[in-house]
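For the sequence shown, the working numbering gives the first residue as 1036, with consecutive numbering after it. Just so it is clear, CB atoms sit at the ideal spot from N, CA and C, and this is done for glycine as well. Please read the structure below before turning to the comments.
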Amino acid sequence: MAGLGNLRLGGWDGGSGEGSRVQSLNAVDAVVFALYFVAIIGVGFWVARRKAQTADAYFLADRDLPWYVVGTSYIASNISTEHLIGMIGAAYIYGICVALWEWHNVIAFSILIWIFIPFLLASRVFTGPEFLERRFNSTCRLLFAVMTVVANVTAFLAAVLYAGAVGLNALFGWDIVLCTVLLGVTAGSYAIVGGMRSIAWTEVLQTVLILAGGFLLTFLGLRALGEGSLSDGWSTMISRNLGEEAAWAEGIRRLAPTVLGEGATSYERLNLFQPPNHTLIPWWTLLFGWVATSIWYNCINQFMIQRVLAARDGWHARMGIVLAGFLKVILPAVIVIPGLVYFAMDPSLDRAAADKGYAALVMQLVSLGVRGVLLAALFGAIQSTVNSVLNSTSTIVTLDIWKRYFEPNMPERRSVTVGRLVTAVTLVLAMVLAPMIERIGSGVFVYIQNLYAHFAPAFSAIFILGILWRRATGRAAAWTIPIGLGASIAVGVVFPEMALTVRPILIWAFCVVLMVVISLFDAPPPPECVTDDLTMNWRQIGIFRGLGKPWYRNVLFWWLAFVACIAACYLAFSGLGLGR
């Protein structure tokens, strides 16, 4: 989700009735689609048959998730509507460079594997806010908890439910409110009953479905381009995206002002490294773009790291993120290549039509019955995100707010009851707010990304400094959060034209400097806040322990393989490879 703020929810504009419908589903597709919902709910309740009686069991699946569940669940939580729809439309306009939203995560994933996971697991915390209290103070915990809950409920959760409701409305013409309730009930029912265990295991199934459906669409698209031959289809896609045929060269010329600004007449669609005036991903964001929103989203965002905290041990947590990294390597084949295929089929479309690429490719290329599978994959992505946000919000409200301030001696079984109640209330509140998102219109995802861009830099800065620098103090962290947020809002008001990828980097750098300065003028933190479980001991680094033996089970070996795959992708789509 992070970094996709300027992608619109293509193809489904939120209208109602026949005029907004892409195409009604065949009865076979509708049955397949319905069977998906039944299967997911069935799996969720089957996993939940072992009732959770403790906070560990309900919120963190007894801290017993194996690596393959950690990895697939992590990716399922990340993929939502704007991936399967928005990125295909963006790839049609901008080309392969939008794959950087996936491949550039190699830096944040590496930081998570080698820096954050050892300390998060060693501290035995339930949430990121709880870690902040142990490292700094209760003020930091409360600030992070409240801001996360508000963002999850009012923006992210409601927006994702609305996006899914718009999709159902476009397919079936059902009322938006009815669609919202349907999605909420199907996604939230087993999340309320089974907690993290039900969510994680259903997300394994959803990840497989999402990837299988995406690869099928890419396969059919390339085969159509090559008139039955995959290799010919690939060659045709490459040739046309390079503008080697007149109609496609004209298409590139027509889109160039959108990509590089007014006056541009051409751009490189198969090159990851774009010039500084690129309107989406200029080259320098590769160097600095990860420090703010990417670290926050991947390493400290509760609804992402909850499955890391639920891992069986450090090896399973790290290997799970390595698996997630490999899935990130192949995700562009599912969510970017179809956009290049769509451009190779028709280079004459405008942005609005390009945003309808997913629905158009499904209806043009996929036979009856199989369409239902692909649409199930789309809504599986929505459900997995909704479940993850629900569970993380419930965890934070129950443990970081309710137990911390209202019921300190809350028994384990009581925490599960409160957690289920909070999950239900959060779901209902999000369903009530979801239809109101329509008033924001196509700017909903821009709104979400702007929100994250405001508060992510400060928290990213204090987490990194808190782990790597023992001199960082709680008072400095507590001041950095509101000052950083205020500075970000002020910069956004004074310089509204500043790119969304630029402001977080500047604010992050400001927050780092601010926290260092305040810490140096403050008294050193107390010993209990700088133990080896909370901060890096540079004299005795233990982050390379427990990596696994023999070599084929070693985390370092597979992490290096993951990094090598990313490097190969960068090389392939650069001035030295296909992007020449």
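- Within the segment 1250-1287, no run of beta strand (DSSP E) at least 3 residues long lies entirely inside it.
- Taking 8 Å as the cut-off, the Cβ atoms of residue 1492 and residue 1327 count as close.
- Here residue 1336 is buried. Its C-beta has 16 or more other C-beta atoms within 10 Å.
- Rounded to whole angstroms, residue 1421 and residue 1578 show a C-alpha spacing of 33 Å.
- The C-beta distance from residue 1271 to residue 1286 rounds to 14 Å, too long to fall under 8 Å, and the pair is not in contact.
- Fewer than three Cβ pairs drawn from the segment 1123-1132 and the segment 1436-1452 lie within less than 8 Å of each other, which leaves the two stretches out of contact.
- With contact defined as three or more Cβ pairs closer than 8 Å, the segment 1161-1178 and the segment 1499-1509 are in contact.
- Counting only residues of its own chain and dropping the five nearest sequence neighbours on each side, residue 1178 has a CB closer than 8 Å to the CB of 1513, 1516 and 1517.
- The beta-carbon distance between residue 1268 and residue 1275, rounded to whole angstroms, is 11 Å. This is too long to meet the 8 Å contact definition.
- In the structure shown, the three-state DSSP call for residue 1299 is coil.
- C-alpha of residue 1246 to C-alpha of residue 1412: approximately 8 Å in a straight line.
- Secondary structure of residue 1100 (DSSP, three-state): strand.
- Non-local beta-carbon contacts of residue 1290 in its own chain, meaning distances under 8 Å to residues more than five positions away in sequence, involve 1128 and 1302 in chain order.
- Secondary structure at residue 1346: strand, using DSSP grouped into helix, strand and coil.
- Straight through space, the alpha carbons of residue 1538 and residue 1526 are spaced by roughly 8 Å.
- Per the C-alpha coordinates, the member of 1105, 1471, 1489 and 1541 positioned closest to residue 1212 is 1471.
- Nearest to residue 1141 by C-alpha distance, out of 1282, 1318, 1122 and 1330, is 1330.
- Taking 8 Å as the cut-off, the beta carbon of residue 1171 is found no closer than this to the beta carbon of residue 1502.
- With a beta-carbon spacing of about 5 Å, residue 1138 and residue 1601 fall inside the 8 Å limit used to define contacts.
- Within the same chain, no residue comes within 6 Å of residue 1384 by CB-CB distance, once the 5 residues on both sides are set aside.
- Residue 1219 and residue 1565 have their C-alpha atoms spaced approximately 42 Å apart.
- Less than 8 Å divides the Cβ of residue 1176 from the Cβ of residue 1435.
- Buried is the label assigned to residue 1363, since at least 16 other Cβ atoms lie within 10 Å of its Cβ.
- Residue burial annotation: residue 1605 is buried, with at least 16 other C-beta atoms found within 10 angstroms of its C-beta.
- In the three-state reduction of the DSSP assignment, residue 1137 falls in the helix class.
- Taken in chain order, the complete alpha helix (DSSP H) segments of 4 or more residues contained in the segment 1311-1399 are 1320-1323, 1337-1344, 1349-1370, 1372-1380 and 1386-1389.
- For residue 1543, the enclosing alpha helix (DSSP H) has its first and last residue at 1538-1556.
- Bounds of the alpha helix (DSSP H) holding residue 1518 are 1509-1529.
- Our two residues, residue 1300 and residue 1252, have alpha carbons roughly 31 Å apart in a direct line.
- By the neighbour-count definition (other C-beta atoms within 10 Å, threshold 16), residue 1572 is an exposed residue.
- Judged by DSSP in its simplified three-state form, residue 1435 adopts helix.
- Within the segment 1158-1219, the complete alpha helix (DSSP H) segments at least 4 residues long are 1163-1170, 1173-1186 and 1193-1207, listed from N- to C-terminus.
- Taking 8 Å as the cut-off, the beta carbon of residue 1410 is found no closer than this to the beta carbon of residue 1256.
- For residue 1594 and residue 1545, the gap between their C-alpha atoms comes out near 32 Å.
- A check of alpha carbon separations from residue 1489 across 1520, 1264, 1263 and 1499 identifies 1520 as the nearest.
- Take the alpha-carbon of residue 1504 and the one of residue 1146: they are about 15 Å apart.
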